[in-house]
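K.L.:
The number in the working numbering is simply the position in the sequence shown, starting from 1, with 7 added.
Ideal Cβ positions, reconstructed from N, Cα and C, are used throughout, including at glycine.
Below is the structure I would like to discuss, written out as structure tokens.
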Amino acid sequence: MNKVVDVAVIGAGVTGALSAYLLAKQGLNVTLIERSNWPREKVCGCCLNYEALKLLKDTGLFDVCRKLPIQPLKNCHISMGRSSITLAIPKGGAVSRRLLDNAIVNAACNAGAIFLPHTTASIEKASDTTNKVCNIHLRNETMNRILHAKAVLIADGIGGSTLNNMPSYRRNVKPTSRRGFGTHLQQTWEFGSPDTIRMCCNKDGYVGLVQMKDGGANIAAALDPSAVKHYGKPGILATRILNDSGIHNVPTEVSEVAWKATVPLTGYRPRLYGQHIFIAGDAAGYVEPFTGEGMAWGIKCAITVVPLIKIAAVKWDKSLGIQWEDYHSRYLKKRHFKCKLIAWLLRHSTIMKCGIKLWNFMPCFAQHLIESYIVPGRDYNKSFVSAAPATSYKKETS
Ligand SMILES: Cc1cc2nc3c(=O)[nH]c(=O)nc-3n(C[C@H](O)[C@H](O)[C@H](O)COP(=O)(O)OP(=O)(O)OC[C@H]3O[C@@H](n4cnc5c(N)ncnc54)[C@H](O)[C@@H]3O)c2cc1C
């Protein structure tokens with residue numbers, strides 16, 4: 008069955024799922040394609056910062072998100088060895104990516120999108136200017152077919168495979184880039200106040216911890232691949248980093264459970280568009296995640312690219328792609344630069360320790376820096392991340 012859809016969205020993370028929701032809500036015929044079995048876990052610190060929550064609310068997903076078990080967050084405790092600082096952050100929340108991404112996909116389906124989980128998409132040949140559609144190869148155990156789309160959004164993340172056969176789009180990876188590692192502990196583990204993100208750093212990388220509303224803990228880390236090799240397992244290195252930061256009650260499960268890993272984190276695509284194609288979210292470019300704003304970037308990308316895709320679904324014009332690249336570089340390059348600077352600082356523990364000491368002497372300055380990195384949000388409406396009943400988590404996962 009070869010059919011033409013208005014838009015094919017590849018990847019059902021926050022960027023893709025939200026774009027599919029916004030496009031379907033506006034009456035477009037959308038197919039959302041996802042490689043993983045669904046719902047899926049994702050290596051992520053799970054912190055929706057103030058901006059991400061506000062943007063989700065603006066897109067009309069307020070009710071969808073409010074039903075999720077979101078753990079409110081208002082502080083970030085950063086430690087480098089024995090030096091540490093606690094900073095107030097604009098109100099955000101921690102939520103399982105399995106639940107969040109699934110909720111947005113459900114909203115997209117309710118708005119009329121067709122969802123194809125466990126299906127790998129690939130684009131093997133650029134469409135030429137005479138082509139009215141883009142051909143996407145879809146494969147799973149029972150299907151092997153071509154989908155024709157008037158416009159395509161590639162939001163397949165840092166490890167996406169959609170454009171693997173098109174060298175001119177290949178992701179340029181920074182050779183010294185760390186890799187992401189993550190796991191979720193079901194058991195209760197007290198490592199600090201539930202409204203505080205713990206960021207523990209040493210020369211080999213950093214580990215972020217948040218309590219989840221269900222009592223478990225989410226652990227996400229960016230680690231040097233050579234150090235992981237040296238220690239044998241990401242969990243052993245993560246335990247070491249947590250111990251260095253004064254957390255000594257790390258459950259043995261942290262070293263023993265299976266951790267999910269990512270490809271190298273920092274990398275860019277040389278091009279963000281092609282005939283009928285837009286590339287957005289982590290797939291377009293990503294920097295190590297210390298500031299935890301990747302989801303806000305993905306949401307912002309979705310909101311901005313959707314109007315361009317809508318036009319492209321009527322008639323492709325190269326100027327749409329140029330507009331997208333231009334926006335992307337204006338909006339994200341500055342933020343990526345800040346993140347690169349932080350990634351550099353984190354590799355120099357002496358500078359970090361001095362910085363933390365200085366910050367402790369000048370907490371107002373440190374607070375100002377944090378607020379300018381994670382956007383101001385003191386007036387943020389508390390009710391959005393108010394306690395959801397614990398049963399809603401069980402209901403979603405059963
Ligand atoms: C260690 C770590 C910690 C982080 N912590 C935070 C945090 O606390 N807060 C925050 O906001 N951000 C954080 N991030 C960043 C955040 O996870 C990402 O920025 C965000 O998930 C990007 O969403 P996305 O939709 O662009 O991509 P993804 O969420 O990666 O989604 C891409 C999807 O595409 C699918 N896919 C790939 N290839 C194909 C294919 N060929 N066909 C079909 N489907 C395909 C994948 O299976 C995946 O589901 C963290 C990242 C890491 C690595």
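Do you know how far the Cα of LEU55 is from the Cα of TYR213?
P.N.:
By 1-based counting over the sequence shown, the position of residue 213 is 206. By 1-based counting over the sequence shown, the position of residue 55 is 48. Each residue's alpha carbon lies about 19 Å from the other.
K.L.:
Between GLY212 and chain C, is the shortest Cβ-Cβ distance under 8 Å, so that the two count as touching?
P.N.:
The chain inventory of the structure shown lacks chain C, comprising one protein chain alone.
K.L.:
Rounded to whole angstroms, how far is the Cβ of VAL217 from the Cβ of ALA101, which I believe are closer than 8 Å?
P.N.:
Stepping through the sequence shown from its first residue, residue 217 is reached at position 210. Stepping through the sequence shown from its first residue, residue 101 is reached at position 94. Right, the Cβ-Cβ distance comes to about 4 Å (below 8 Å), so this counts as a contact.
K.L.:
From the DSSP output, in three-state form, read off VAL264 for me.
P.N.:
Your numbering for residue 264 matches position 257 in the sequence shown. When DSSP states are grouped into helix, strand and coil, VAL264 belongs to the coil group.
K.L.:
Give every residue of the same chain whose Cβ lies closer than 6 Å to the Cβ of SER26, excluding the five residues on either side of it in the sequence, and list them in chain order.
P.N.:
Taking the first residue of the sequence shown as position 1, residue 26 is located at position 19. Contacts found: VAL16, LEU160, ALA309, VAL313.
K.L.:
Under 7 Å: does the beta carbon of VAL50 sit that close to some heavy atom of ligand 1?
P.N.:
Residue mapping note: residue 50 aligns to position 43 of the sequence shown, counting from 1. Yes, the Cβ of VAL50 comes within 7 Å of a heavy atom of ligand 1.
K.L.:
Please report the distance separating the alpha-carbon of ALA229 from that of GLY253.
P.N.:
Taking the first residue of the sequence shown as 1, we reach residue 229 at position 222. Taking the first residue of the sequence shown as 1, we reach residue 253 at position 246. Cα to Cα, ALA229 sits roughly 19 Å from GLY253.
K.L.:
Looking at PRO97 and ligand 1, is the gap between the Cβ and the nearest heavy atom below 7 Å?
P.N.:
By one-based count along the sequence shown, residue 97 stands at place 90. PRO97 Cβ: outside cutoff for every heavy atom of ligand 1.
K.L.:
Under the criterion of a Cβ to heavy atom distance below 7 Å, does PRO79 qualify as lining ligand 1?
P.N.:
Sequence index remark: in the sequence shown, residue 79 carries index 72 (1-based). Checking every heavy atom of ligand 1 against the Cβ of PRO79, none is found closer than 7 Å.
K.L.:
As a quick exercise: from ASP163, MET359, HIS84, ARG73, pick the residue whose alpha carbon is nearest that of PRO201.
P.N.:
Counting from 1 along the sequence shown, the entry for residue 201 is found at position 194. With distances taken between Cα atoms, PRO201 lies closest to HIS84.
K.L.:
Tell me the residue span of the beta strand (DSSP E) that contains THR127.
P.N.:
Stepping through the sequence shown from its first residue, residue 127 is reached at position 120. Element bounds for THR127: 127-129.
K.L.:
Quick check on ALA27: does DSSP put it in helix, strand or coil?
P.N.:
The residue given as residue 27 occupies position 20 in the sequence shown. In the structure shown, ALA27 sits in a helix (DSSP, three-state: H, G or I).
K.L.:
Do GLY67 and GLY288 count as a contact pair if the criterion is CB distance below 8 Å?
P.N.:
Residue mapping note: residue 288 aligns to position 281 of the sequence shown, counting from 1. Residue mapping note: residue 67 aligns to position 60 of the sequence shown, counting from 1. No.
K.L.:
Can you tell which of ALA118, GLY305, ASN113, LEU170 has its C-alpha closest to the C-alpha of PRO124?
P.N.:
Mapped onto the sequence shown, residue 124 falls at position 117. Of the candidates ALA118, GLY305, ASN113, LEU170, ASN113 places its Cα closest to the Cα of PRO124.
K.L.:
Please state the DSSP three-state secondary structure of MET150.
P.N.:
Position 143 of the sequence shown, counting from 1, holds the residue named residue 150. Three-state result, MET150: coil.
K.L.:
Are there any heavy atoms of ligand 1 lying less than 7 Å away from the beta-carbon of ARG152, as far as the coordinates show?
P.N.:
For the purposes of this step, residue 152 is taken as the residue at position 145 of the sequence shown. No, since every heavy atom of ligand 1 falls outside the 7 Å radius drawn around the Cβ of ARG152.
K.L.:
Say the cut is 7 Å; is the CB of ALA303 nearer than that to a heavy atom of ligand 1?
P.N.:
Taking the sequence shown and counting its residues from 1, the one referred to as residue 303 is at position 296. Yes.
K.L.:
With distances taken Cα to Cα, identify the nearest neighbour of HIS155 among LEU272, GLY222, LEU39.
P.N.:
If you number the sequence shown from 1, residue 155 lands on position 148. Comparing alpha-carbon positions, the option among LEU272, GLY222, LEU39 lying closest to HIS155 turns out to be LEU39.
K.L.:
If you drop the 5 nearest sequence neighbours on each side, which residues of the same chain put their C-beta closer than 8 Å to that of GLY301?
P.N.:
Residue mapping note: residue 301 aligns to position 294 of the sequence shown, counting from 1. These residues qualify, in order along the chain: CYS51, ASP289, TYR293.
K.L.:
Are the segment 274-284 and the segment 134-153 touching, with three or more C-beta to C-beta distances below 8 Å?
P.N.:
yes
K.L.:
With a threshold of 6 Å on Cβ separation, who are the neighbours of ILE349 within its own chain once the five nearest residues in sequence on each side are excluded?
P.N.:
Reading the sequence shown from its first residue, position 342 is the one you call residue 349. Hits under 6 Å: PHE297.
K.L.:
PRO258 and TRP196: beta carbons closer than 8 Å?
P.N.:
Position 251 of the sequence shown holds residue 258. Position 189 of the sequence shown holds residue 196. Yes, these two residues count as a Cβ contact at 8 Å.
K.L.:
Report yes if the C-beta distance between GLY99 and TYR57 is below 8 Å; otherwise report no.
P.N.:
In the sequence shown, residue 99 corresponds to position 92, counting from 1. In the sequence shown, residue 57 corresponds to position 50, counting from 1. It is a contact, given that the beta carbons lie within the stated cut-off.
K.L.:
Please report the residue range of the beta strand (DSSP E) in which LYS98 lies.
P.N.:
Mapped onto the sequence shown, residue 98 falls at position 91. Taken as a continuous stretch (DSSP letters only), the beta strand (DSSP E) holding LYS98 covers 90-101.
K.L.:
Look up ARG42 in the DSSP assignment and say whether it is helix, strand or coil.
P.N.:
Looking up residue 42 in the sequence shown gives position 35. Reduced to three states, the DSSP call for ARG42 is coil.
K.L.:
So does CYS54 have its beta carbon nearer than 7 Å to some heavy atom of ligand 1?
P.N.:
To locate residue 54, count along the sequence shown from 1; it is residue 47. Because some heavy atom of ligand 1 lies under 7 Å away, the Cβ of CYS54 counts as near it: yes.
K.L.:
For CYS53, does the three-state DSSP call read helix, strand or coil?
P.N.:
Numbered from its first residue, the sequence shown carries residue 53 at position 46. Residue state, collapsed to three classes: coil.
K.L.:
Is the beta carbon of THR127 sitting closer than 8 Å to the one on ASN147?
P.N.:
Your numbering for residue 127 matches position 120 in the sequence shown. Your numbering for residue 147 matches position 140 in the sequence shown. Contact: yes.
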